[in-house]
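A.B. asks:
Take a look at the structure:
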């Protein structure tokens, strides 16, 4: 049972470009929409998160856009850098108490 | 420092052996989770626990077992019944469902 669908599976951008990753969720009871960043061999770490009372949140080069009617939220990375190369996961809530994650997007930023 | 600690970082298992992965947190979180990550794959939920002495199966619980005798600890045992245990295992904890989940640095298990 998939509670959250993430796309694309992989993404290659040039340095300075914009990276966009999308996440579609099913559980409308969810009220916390985070993105996690994972580097190889490490555990994921929270990058940025949004609550549904706002449509957009920006932290530095990272922006979350939230569309409640479409049940989607997106991560935008402006001025992408090689150091942003990582795997990104969105998260939702599955069933009563489960945390479920998207399948991940491997981002590669070429110098 | 507050955080979540997994040990060991690398673990090797022989065929037919049970092995236990440790996960300890000092964040005073009620909920703890175990995920499995295969190369190029997402995070698949193995088991989760919302309270001491209680836990539920996730999506891929077969061949695994857990215990939650203390709030701070949630060890995962990979049993010989798990036919393909080689993977990266991640433990996480959170206060509530709608707050940040913190991850450990993972344990890489290899069958030799």
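Chains as they are written, first to last, in my numbering: chain A, 2 to 112; chain B, 35 to 146. Here a beta-carbon is modelled for each residue, glycine too, at the ideal position from N, C-alpha and C.
Please identify the residue among 80/B, 60/B, 136/B, 62/B whose C-alpha is closest to the C-alpha of residue 39/A.
C.D. replies: Considering only alpha carbons, the answer is 136/B.
A.B. asks: In the structure shown, what three-state DSSP assignment does residue 119/B receive?
C.D. replies: Reduced to three states, the DSSP call for residue 119/B is coil.
A.B. asks: Would DSSP call residue 112/A helix, strand or coil?
C.D. replies: Coil at residue 112/A, not helix or strand.
A.B. asks: Return the chain-ordered ranges of every beta strand (DSSP E) run that is complete within the segment 5-68 of chain A and spans a minimum of 3 residues.
C.D. replies: As far as the segment 5-68 of chain A is concerned, its whole beta strand (DSSP E) runs of at least 3 residues are 5-8, 11-15, 20-26, 34-39, 46-51, 57-60, 63-68.
A.B. asks: Return the residue from the list 41/B, 88/B, 81/B that minimises the CA-CA distance to residue 70/B.
C.D. replies: Minimum Cα distance to residue 70/B is reached at 81/B.
A.B. asks: When we look at the beta-carbon of residue 44/B and count the other beta-carbons within 10 Å, is it buried (16 or more) or exposed?
C.D. replies: By the neighbour-count rule (16 or more Cβ atoms within 10 Å), residue 44/B is not buried but exposed.
A.B. asks: Along the chain, where does the beta strand (DSSP E) containing residue 76/A start, and where does it finish?
C.D. replies: Where residue 76/A is concerned, the enclosing beta strand (DSSP E) stretches over 73-78.
A.B. asks: Excluding five sequence neighbours on each side, which residues of the same chain lie with their C-beta closer than 7 Å to the C-beta of residue 106/A?
C.D. replies: Here the set comprises 7, 9, 10, 11, 12, 22, 88, 89.
A.B. asks: Within the chosen definition, does the segment 15-33 of chain A reach the segment 112-119 of chain B through at least 3 CB pairs nearer than 8 Å?
C.D. replies: Verdict: no, contact absent.
A.B. asks: Would residue 46/B be called buried (16 or more neighbouring beta carbons within 10 Å of its own) or exposed?
C.D. replies: With fewer than 16 other Cβ atoms within 10 Å, it is exposed.
A.B. asks: Can you name the residues of chain A whose CB is closer than 8 Å to the CB of residue 134/B?
C.D. replies: What residue 134/B touches in chain A: 35, 47, 50.
A.B. asks: If you scan the segment 69-116 of chain B from start to end, which runs of the beta strand (DSSP E) of 3 or more residues do you find wholly inside it?
C.D. replies: Listed in chain order, the complete beta strand (DSSP E) runs (minimum 3 residues) inside the segment 69-116 of chain B are 77-85, 88-91, 98-100, 110-112.
A.B. asks: What do you get for residue 99/A, buried or exposed, if any count of 16 or more other CB atoms within 10 angstroms of its CB means buried?
C.D. replies: Buried.
A.B. asks: Below 9 Å between beta carbons: does that hold for residue 37/B and residue 104/A?
C.D. replies: Against a cut-off of 9 Å, the Cβ pair of residue 104/A and residue 37/B comes out as no contact.
A.B. asks: At the level of alpha carbons, what is the spacing between residue 126/B and residue 80/A?
C.D. replies: Using only the alpha carbons, I get a separation of about 31 Å.
A.B. asks: Taking residue 139/B as the query, report the chain A residues whose CB atoms sit under 9 Å from its CB, ordered along the chain.
C.D. replies: Those are 42, 43, 44, listed as they occur along chain A.
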